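Participant: Heads up: the sequence shown at position 298 corresponds to 310 in this note's numbering, and the numbers run straight through without jumps.
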Amino acid sequence: MQFEQFRGRDVAEALAQVRAAYGANALIGSTRVITNGKPGGLNQSFVEVTAAAGTAPAPSQTPFSKDIARAVSSAASSRSLSSTASRTPAPSRVTASRPVAAAAAVTPTESAVGVELRALRALVEELATQHKPKDRVTAMLNALGLEGEVATELASKAPRGKTGGAALRAWVRGEVHGRIRTLPSPIEQPGLRLIACVGPTGVGKTTTLAKLAARAYLELGRSVAIISLDTFRVGAVEQMRRFAQLIGLPFETAQDASAFSQAVAAAREDIVLVDTPSRAPADMASLKRLVECLRGVTGREVDVLLTIPASIRSRDAERVAECYQDCGITGVCITKLDETDQIGGALHGVLAHGTPLAYLCAGPRVPEDLEDASADSITERLIPSEH
Ligand SMILES: Nc1nc2c(ncn2[C@@H]2O[C@H](COP(=O)(O)OP(=O)(O)OP(=O)(O)O)[C@@H](O)[C@H]2O)c(=O)[nH]1
Ligand SMILES: [Mg+2]
Numbered sequence: 013m014q015f016e017q018f019r020g021r022d023v024a025e026a027l028a029q030v031r032a033a034y035g036a037n038a039l040i041g042s043t044r045v046i047t048n049g050k051p052g053g054l055n056q057s058f059v060e061v062t063a064a065a066g067t068a069p070a071p072s073q074t075p076f077s078k079d080i081a082r083a084v085s086s087a088a089s090s091r092s093l094s095s096t097a098s099r100t101p102a103p104s105r106v107t108a109s110r111p112v113a114a115a116a117a118v119t120p121t122e123s124a125v126g127v128e129l130r131a132l133r134a135l136v137e138e139l140a141t142q143h144k145p146k147d148r149v150t151a152m153l154n155a156l157g158l159e160g161e162v163a164t165e166l167a168s169k170a171p172r173g174k175t176g177g178a179a180l181r182a183w184v185r186g187e188v189h190g191r192i193r194t195l196p197s198p199i200e201q202p203g204l205r206l207i208a209c210v211g212p213t214g215v216g217k218t219t220t221l222a223k224l225a226a227r228a229y230l231e232l233g234r235s236v237a238i239i240s241l242d243t244f245r246v247g248a249v250e251q252m253r254r255f256a257q258l259i260g261l262p263f264e265t266a267q268d269a270s271a272f273s274q275a276v277a278a279a280r281e282d283i284v285l286v287d288t289p290s291r292a293p294a295d296m297a298s299l300k301r302l303v304e305c306l307r308g309v310t311g312r313e314v315d316v317l318l319t320i321p322a323s324i325r326s327r328d329a330e331r332v333a334e335c336y337q338d339c340g341i342t343g344v345c346i347t348k349l350d351e352t353d354q355i356g357g358a359l360h361g362v363l364a365h366g367t368p369l370a371y372l373c374a375g376p377r378v379p380e381d382l383e384d385a386s387a388d389s390i391t392e393r394l395i396p397s398e399h
C-alpha cells in the first residue's frame with residue numbers, strides 16, 4: 013500500500029490535508045514533527061502525517077494511528093479544518109514511515125478533543141525523543157527537584173542514542189538507587205552511643221528524637237537517657253521533659269559544653285539522645301557551642317544526624333549541610349515525607365557527598381512515623397515505579 017505525506021503547521025492542518033485527499037476512511041501510518049533544527053526565530057517546524065486511502069489496516073498502524081483516523085472521521089468533520097489547508101505544503105508521495113508511540117485505546121465515549129489531546133501528547137513524546145538523552149535526563153532530574161552538579165553529573169552518564177521516556181526513567185532510578193548509602197539504624201547498634209539530631213528550625217528534630225527514644229526504649233528494650241541543649245527557646249525544655257516523663261526516661265538539660273560533658277559522663281544508659289536547638293544562619297556563637305558539645309563527647313560512639321525536611325530545595329540542602337558540617341554529620345534524617353512528592357532537594361546532599369541516609373519520617377506520630385532508610389524506599393519515593 014502506498015502512503016503519502018501530508019504536512020501542516022500543526023496536527024489539524026495535516027489532518028485537513030489527509031481528509032481532503034482520502035476522506036473519512038483514511039489510514040494513518042505515522043505522525044511526526046520535522047524541524048530544521050535552527051534556534052529561535054530561524055526555527056521551522058511542521059507536522060508530517062503519512063496516510064493512505066482504503067479500508068484495509070495499514071501494516072504499521074498503531075492505536076495512535078487509529079486515533080488520528082477517528083479524529084479525521086469524526087472530530088474533523090465537526091469543525092472546519094479545510095480553512096487552514098491552503099497554507100500547508102502540498103502532499104507528496106512516499107512510502108509509510110515508522111509509527112509514533114502508541115497511546116491508550118479510545119473509549120467509545122471519548123470526545124474529539126480528547127482524541128486530539130492524546131494525539132498531541134504523542135507528538136510531544138515524539139518531539140522529546142529528538143532531544144539528547146542528556147538534556148532529557150537533566151530536565152527529568154530538575155523536575156524531581158535534583159539540581160546543580162548532581163543533576164549535571166548524573167545526566168552526563170545518560171545512555172546515548174534514541175531512548176524512550178520509560179527507559180530513561182528506569183535508568184535514572186537505577187543510577188539513583190546505586191548511589192544511595194544508608195546508615196545502619198544507630199539505636200540498634202551495640203555499645204554506648206550518643207545520638208543527636210541537628211538542623212534548621214522546625215524541621216522535626218525534637219519529634220524525630222522522641223520517635224527514636226520511644227522505639228529504642230519501648231520496642232528494642234534499650235536503656236535511654238535524654239539531654240536537651242535547647243534551653244533558650246521558650247517551652248522547648250518542658251516539651252522534651254514532659255515526653256521523657258511520659259515514657260519514663262531520665263532527662264537532663266545542659267546550657268554549655270562543660271555542663272553537657274558532665275551530663276554525658278554521668279549517664280549510665282546505653283543510648284543518650286540529644287535534643288539540639290535550631291539556630292539562625294548568622295548565629296555563629298550558638299553553632300560554635302553545639303560543635304563544642306558534640307565534638308567533646310568521649311567514651312561513646314557519636315551519631316550526628318542532619319535533619320532536613322523532604323521539601324527542601326537542593327541549594328538550601330547544600331547550604332544547611334555546609335552550615336552543620338563541623339558538627340561531624342554521620343547521617344541524614346529526612347522528615348515530612350508526607351508533605352511533598354518532590355524530594356530531590358533533600359536527596360541532594362546524600363547523592364552529592366555520599367552522606368548516608370539514616371531514617372525517614374513520613375508523619376508526626378511518635379513512634380509510628382519513623383522508618384529505617386533504605387535505597388529501595390527512598391528511590392520509590394523519588395521516582396515512583398509505573399505500574
Ligand atoms: N507532617 C509531618 N510533621 C512533622 C514531621 N516531623 C515533625 N513534624 C511536625 O513539625 C513540627 C515541628 O517539629 P519539631 O520536632 O518541634 O521540630 P524542631 O526541629 O525540633 O523545631 P525547633 O526545635 O523549633 O527548631 C511539629 O508540629 C511536628 O509535629 C513529619 O515527619 N511529618
Ligand atoms: Mg526542637
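Beta carbons: idealized from backbone N, C-alpha and C, even for Gly.
Because the structure is a prediction, the values reported are computed rather than measured.
1. Considering only the beta carbon of each residue, do residue 30 and residue 38 sit closer than 7 Å?
2. Decide if the region 227 to 241 is in contact with the region 337 to 350; the criterion is three or more beta carbon pairs, one per stretch, under 8 Å apart.
3. Would the C-beta of residue 319 count as close to ligand 4, meaning under 6 Å from any of its heavy atoms?
4. Is the distance from the Cβ of residue 159 to the Cβ of residue 326 below 7 Å?
5. Return the bridge partner residues of residue 20 from the DSSP annotation.
6. Report the start-end ranges of each alpha helix (DSSP H) in the region 150 to 227 that is 4 residues or longer and not cut off at the edges.
7. Do residue 288 and residue 315 have their C-beta atoms within less than 7 Å of each other?
8. Under 7 Å Cβ to Cβ from residue 329, same chain only, skipping five residues before and after it: list those, please.
9. Does the distance from the C-beta atom of residue 208 to that of residue 286 stay below 7 Å?
10. According to the Cβ coordinates, are residue 339 and residue 210 closer than 7 Å?
11. Which same chain residues end up closer than 6 Å to residue 237 when comparing Cβ atoms and leaving out the 5 residues on each side of it in sequence?
12. If we call anything under 7 Å between Cβ atoms a contact, is residue 145 one with residue 171?
13. When you compare each of 386, 377 and 26 to residue 135 by their alpha carbons, which one comes out closest?
14. Nearer than 6 Å: is that true of the beta carbon of residue 214 relative to any heavy atom of ligand 1?
15. With distances taken from CA atoms, which of 227, 355 and 365 is nearest residue 156?
16. I'd like to check one pair, residue 305 with residue 271: are the Cβ atoms closer than 7 Å?
17. Grouping DSSP H, G and I as helix and E and B as strand, with all else coil, what is residue 289?
18. Measuring from each Cβ to the nearest heavy atom of ligand 2, keep the ones under 7 Å and list them in chain order.
19. Whole angstroms is fine: what's the gap from residue 88's alpha carbon to residue 13's?
20. Would you list the one or two residues that DSSP bridges to residue 265?
21. Chain B beta carbons: is any one of them nearer than 7 Å to that of residue 230?
22. Ligand 1 and residue 367: does any heavy atom of the ligand fall closer than 6 Å to the residue's C-beta?
23. For a test of the three-state rule: what should DSSP assign to residue 282, helix, strand or coil?
24. Quick one, which of 311, 368 and 301 has its alpha-carbon nearest residue 333's?
25. So is residue 381 buried or exposed if we call it buried at 16+ other beta carbons inside 10 Å?
26. Helix, strand or coil, according to DSSP, for residue 319 in the structure here?
27. For residue 347, is the beta carbon positioned less than 6 Å from some heavy atom of ligand 1?
28. If you draw a straight line from the alpha carbon of residue 97 to that of residue 164, how long is it in whole angstroms?
29. Look at the alpha carbon of residue 395 and the alpha carbon of residue 273, and state the distance between them as a whole number of angstroms.
30. Going by DSSP, name the residue or residues bridged to residue 229.
31. Would you check if the distance between the CB atom of residue 376 and the CB atom of residue 213 is smaller than 7 Å?
32. Strictly by DSSP, which residues pair up with residue 298?
33. How many whole angstroms separate the CB atoms of residue 311 and residue 204, which I take to be in contact at a CB cut-off of 8 Å?
34. Answer yes or no: do residue 15 and residue 35 have a C-beta to C-beta separation smaller than 7 Å?
35. So, with DSSP's three-state summary, where would you put residue 343?
36. Could you tell me if residue 227 is buried or exposed, where buried requires 16 or more neighbouring beta carbons within 10 angstroms of its beta carbon?
Facilitator: Based on what the coordinates show:
1. yes
2. no
3. With respect to ligand 4, the structure shown offers nothing to examine, as its ligands consist of ligand 1 and ligand 2.
4. yes
5. 59
6. 160 to 168, 177 to 191 and 217 to 226
7. no
8. 320, 357, 358, 360 and 361
9. yes
10. yes
11. 262, 279, 281 and 284
12. yes
13. 26
14. yes
15. 355
16. no
17. coil
18. 217, 218, 242, 248, 287 and 290
19. In this prediction, residue 88 scores a pLDDT of 39, lower than 50, which makes its location untrustworthy; the coordinate-derived value is nonetheless stated afterwards. Their backbone Cα atoms lie some 24 Å apart in a straight line.
20. 240
21. The structure shown contains no chain B, having only a single protein chain.
22. no
23. coil
24. 368
25. buried
26. strand
27. yes
28. In this prediction, residue 97 has a pLDDT of 36, which is less than 50 and means its spatial position is unreliable; what the coordinates show is noted afterwards. Using only the alpha carbons, I get a separation of about 44 Å.
29. 43 Å
30. Per DSSP, none; premise fails for residue 229.
31. no
32. DSSP, once it has assigned bridges, lists no residue as partnering residue 298.
33. 6 Å
34. no
35. strand
36. buried
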